[in-house]
């Protein structure tokens, strides 16, 4: 099975998390972290920083790798291997871009019902400072009108990634 290498960066400041409302493309209509495809010749960390800048106008000064998640869909032959990063050291002011509309949320009030259904499982680990690995099998991708259903999942806290 073919894998697509992707990044996801969660921006946190104090007790708030910056999420972006996805306006176009895959995952449109959902709140999410900032990320995307790793380009040829680019490191995973550089891709995470580039995607954060492109989608939120923020420049990460430091990012830490917190997890790796594999996402599969029943009718798609590709595994999405997502490397999850977190930053609380960044420069700039978040701005709306063609792809995302950023908004700060209190950690206690994250819009899980408008996020990928798997986020409610792994995001608490990230916010608690844990590292994790996991995989999720969905029926189909989420859209603004449909939340993907988890068919099978495996998630564990790890010491090293």
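In this note's numbering, the protein residues as written are 2 to 162. A virtual CB, placed ideally from N, CA and C, is assigned to each residue, including glycine.
{"Check": "Just reading off the alpha helix (DSSP H) that residue 123 is part of, what are its end residues?", "Outcome": "120-128"}
{"Check": "List the residues that DSSP assigns as beta-bridge partners of residue 103.", "Outcome": "21"}
{"Check": "For residue 36 versus residue 133, is the C-beta spacing smaller than 8 Å?", "Outcome": "no"}
{"Check": "Helix, strand or coil for residue 146, going by three-state DSSP, please let me know.", "Outcome": "coil"}
{"Check": "Which residue marks the beginning of the beta strand (DSSP E) containing residue 203, and which one marks its end?", "Outcome": "Any question about residue 203 goes unanswered here, given that the chain covers just 2 to 162."}
{"Check": "How far does the alpha helix (DSSP H) with residue 94 in it extend, from its first residue to its last?", "Outcome": "Taken as a continuous stretch (DSSP letters only), residue 94 belongs to no alpha helix (DSSP H), as it is neither H nor E."}
{"Check": "Measure the beta-carbon distance from residue 152 to residue 16 and round it to whole angstroms, keeping in mind my assumption that it falls under 8 Å.", "Outcome": "33 Å between Cβ atoms; not a contact."}
{"Check": "Can you list the alpha helix (DSSP H) stretches of 4 or more residues lying completely in the segment 33-70, in chain order?", "Outcome": "45-57"}
{"Check": "CA-CA distance, residue 30 and residue 161?", "Outcome": "33 Å"}
{"Check": "Below 6 Å CB to CB, which residues in the same chain sit around residue 66 once its five sequence neighbours on both sides are set aside?", "Outcome": "86 and 162"}
{"Check": "Return the Cβ separation of residue 137 and residue 18 in integer angstroms, given the expectation that the two are a contact with Cβ distance under 8 Å.", "Outcome": "Not really, about 20 Å apart at Cβ, beyond 8 Å."}
{"Check": "Beta-carbon within less than 8 Å of residue 25's beta-carbon, same chain only, minus the 5 sequence neighbours each way: which residues are those?", "Outcome": "99 and 100"}
{"Check": "How long is the line joining the alpha carbons of residue 46 and residue 146, rounded to whole angstroms?", "Outcome": "32 Å"}
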